[in-house]
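My numbering puts the sequence shown at residues 5 to 467.
The beta-carbon is built from N, C-alpha and C at its ideal position, and this holds for glycine as well.
Read the structure below first, then the notes.
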Amino acid sequence: MSERKMARGLRRFDTVLIANRGEIAERVKRACLAMNMGAVAIASEADAAEASALEDGGPLCIGPATASKSYLNQAAVLLAARASGAGAVHPGYGFLSENADFAEALERAGLVFIGPPASAIRIMGDKIAAKRAMQQAGVPCVPGPGEPLTDDVEVTCRVAEEIGYPVIIKAAGGGGGRGMRVVRNSAEIADAVSITREEARRAFGKPELYMEKFLEKPRHVEFQVLCDEYGNAVWVGHRDCSLQRRHQKVVEEAPAPGIDAALAAATGARCAEACRQIGYRGVGTFEFLYENGAFFFIEMNTRLQVEHPVTEATAGVDLVQEQLWVAQGETIDPASFDRPASGHAFECRINAEDPETFAASPGRITLARFPVGTGIRVDTHVHDGYRVPAYYDSLIAKLIVHAPTRTEAILLMRKALAETRIDGISTNLPLHVKIFNDPDFVAGTVDIHHLEKRLKEGFCANA
Ligand code: MV4
5 MSERKMARGL
15 RRFDTVLIAN
25 RGEIAERVKR
35 ACLAMNMGAV
45 AIASEADAAE
55 ASALEDGGPL
65 CIGPATASKS
75 YLNQAAVLLA
85 ARASGAGAVH
95 PGYGFLSENA
105 DFAEALERAG
115 LVFIGPPASA
125 IRIMGDKIAA
135 KRAMQQAGVP
145 CVPGPGEPLT
155 DDVEVTCRVA
165 EEIGYPVIIK
175 AAGGGGGRGM
185 RVVRNSAEIA
195 DAVSITREEA
205 RRAFGKPELY
215 MEKFLEKPRH
225 VEFQVLCDEY
235 GNAVWVGHRD
245 CSLQRRHQKV
255 VEEAPAPGID
265 AALAAATGAR
275 CAEACRQIGY
285 RGVGTFEFLY
295 ENGAFFFIEM
305 NTRLQVEHPV
315 TEATAGVDLV
325 QEQLWVAQGE
335 TIDPASFDRP
345 ASGHAFECRI
355 NAEDPETFAA
365 SPGRITLARF
375 PVGTGIRVDT
385 HVHDGYRVPA
395 YYDSLIAKLI
405 VHAPTRTEAI
415 LLMRKALAET
425 RIDGISTNLP
435 LHVKIFNDPD
445 FVAGTVDIHH
455 LEKRLKEGFC
465 ANA
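The structure is reproduced here in structure tokens:
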């Protein structure tokens, strides 16, 4: 990359409070230290017990193990930021990362939220508003109106007829697979609307629903964007995240295989233009369904994502450092991102869970061995003797490989998996070994239902 032009050369902050835990807290800390910034960690009581053995001083304890009383407690995180003297807060992913009120509260307290403006978080948090914004910006969307459904069943049936069955009813406050219902004929409409509306009211406090054409066998392909606050916006590659179980991604790769380069370039350019139109800043992800050679926007994520390393590997960018640069008020030079992806990358999410039943498997890791070598990256916070708490998600490590071609990356991942050893708890390592030996996965053609189909067939039985 060319020399970064220091537009301002001023630092808005010297120290970052990392409002998260686990591997992503380590990842953000590494970026801060690489850029000569201070990093302050926070921890719940469950995590602090682990950290204090390793770090002098250790993290600021912000509350009990229960996330709602610690990592989700805005007042506690804000207090920690103030007490630590940090000038900015990096939310990681999950927890407060897509909370517009939190972003606003930080700004009011004179702190920098390392993420997009609260207004952008708010638009994307409302899936109907997000879709309308994307339609206006020329981003291709799934067929269906960018407007809420009414309770008039006749009108709703007409909307469905226009789209053509099957359709899907989604909650505006949903996302990530929550609050959706497929409808295959007009007889099912009335119940589907009323049930989904009640679920939406209860789960999201927001009863608005919308309708889309239901795509039967799409792939999940997403585009990474990066923006500064002066209207420079670029897309930095796409990823395939089709391999998932119950809306939890298991393996991701970049670039998404078999996508026409001209179509990807046109779609990415639309994403970047949409960012300019809504005044976006920082990193973001446009989620698409990809079916029969076409892209259909579904949602935008306004945070750094778990799977960001596969894009870092193939685009040659450090997305967390870019987040920190633009939060400092630096500019992005679009020309320096205008190059093709290099090689192919995969990420395996290693979870502390039973490989067959998927039940969480917290407890003491007696031994943790990870592979090293060219093209291998491991993002983790665990080590020999680390106790996986039962309170949070089960992600304990991300194994990322990067090689010149997809075939070589598959070979490298098989070797890296074979060299990974985690004793003391159960992990999904056996599942990953199966996946990287699955002919359909190796062929690069699997849709969003593939893994669950394989699991039903007994893919991982006595793994
Ligand atoms: C869809 C769809 C088919 N058609 N929308 C699930 C998560 C949420 N982000 C959107 N989701 C879907 N929306 C239309 N119009 C299928 C899914 C879907 C899915 C999407 C991405 C990855 C995995 C998935 C698993 C089941 C359903």
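Review point. If we count the other Cβ atoms within 10 Å of its Cβ and call it buried at 16 or more, is M5 buried or exposed?
Key: In this prediction, M5 scores a pLDDT of 42, lower than 50, which makes its location untrustworthy; the coordinate-derived value is nonetheless stated afterwards. Counting Cβ neighbours within 10 Å, M5 comes out exposed, since fewer than 16 surround it.
Check your understanding: In its own chain, which residues sit with a C-beta less than 8 Å from the C-beta of F99, not counting the 5 before and 5 after it?
Key -> A23, N24, A71, Y75 and L76
Exercise for review: Measure the C-alpha to C-alpha separation of D442 and A422 and round it to an integer number of angstroms.
Suggested key: 16 Å
Exercise for review: Determine, using beta carbons only, whether A276 and T318 come nearer to each other than 7 Å.
Suggested key: no
Point to revise | Chain-order list of residues whose beta-carbon lies under 7 Å from that of D451 (same chain, five-residue window excluded) | key: K221, P222, R223 and S246
Check your understanding: Quick one: what does DSSP say V324 is sitting in, helix, strand or coil?
Key -> helix
Review point. Say the cut is 6 Å; is the CB of I439 nearer than that to a heavy atom of the ligand MV4?
Key: no
Point to revise | Heavy atom of the ligand MV4 within 6 Å of F218 beta-carbon | key: yes
Check your understanding: Is there contact here, the region 304 to 318 with the region 203 to 216, by at least three beta-carbon pairs under 8 Å?
Key -> no
Point to revise | Residue span of the beta strand (DSSP E) that contains C352, given as start and end | key: H348 to N355
Point to revise | Span separating the alpha-carbon of H384 from that of Y97 | key: Reading off the sequence shown, one finds Thr at residue 384, where the question assumed His. Taking the straight line from one Cα to the other gives about 15 Å.
Check your understanding: For P344, which option in H242, Q325 and V225 has the closest C-alpha, if you only look at C-alpha atoms?
Key -> H242
Point to revise | Alpha-carbon to alpha-carbon, A133 and G283 | key: 15 Å
Point to revise | Residue of I429, C65, E54 and K174 minimising C-alpha distance to T370 | key: I429
Practice item. Give the DSSP-derived three-state secondary structure of G448 in the structure shown. Key: coil
Review point. How many Å lie between I263 and V143 at the Cα?
Key: 17 Å
**Study point:** Distance CB(A410)-CB(H348) smaller than 7 Å
**Key:** Sequence inspection shows Arg at residue 410; the Ala mentioned does not correspond to that position. Yes, the pair counts as a contact, with Cβ atoms nearer than the cut-off.
Point to revise | Candidates D51, D337, A53 and G62, of which the one nearest A43 by Cα | key: G62
Review point. When DSSP labels each residue in this structure, what does E360 get in the three-state scheme?
Key: coil
Review point. Which partner residues of C36 appear in the DSSP bridge assignment?
Key: Paired residues: none, contrary to the question.
**Study point:** Secondary structure of I336, DSSP reduced to three states
**Key:** coil
Exercise for review: Would you identify the three-state DSSP class for I426, choosing helix, strand or coil?
Suggested key: strand
Review point. Can V146 be considered in contact with the ligand SAH, in the sense that its beta carbon sits closer than 6 Å to one or more heavy atoms?
Key: Absence of the ligand SAH from the depicted structure is noted, with the ligand MV4 being the only ligands included.
Review point. In its own chain, which residues sit with a C-beta less than 6 Å from the C-beta of F350, not counting the 5 before and 5 after it?
Key: E257, V405, A413 and M417
Check your understanding: Does the Cβ of S48 have 16 or more other Cβ atoms within 10 Å, making it buried, or fewer, making it exposed?
Key -> buried
**Study point:** D244 - DSSP class collapsed to helix/strand/coil
**Key:** strand
Review point. What's the call for T154, buried or exposed, on a 16-neighbour Cβ count within 10 Å?
Key: exposed
Check your understanding: What three-state label does DSSP hand F106 in the structure shown?
Key -> helix
Exercise for review: Would you list the one or two residues that DSSP bridges to G67?
Suggested key: S48
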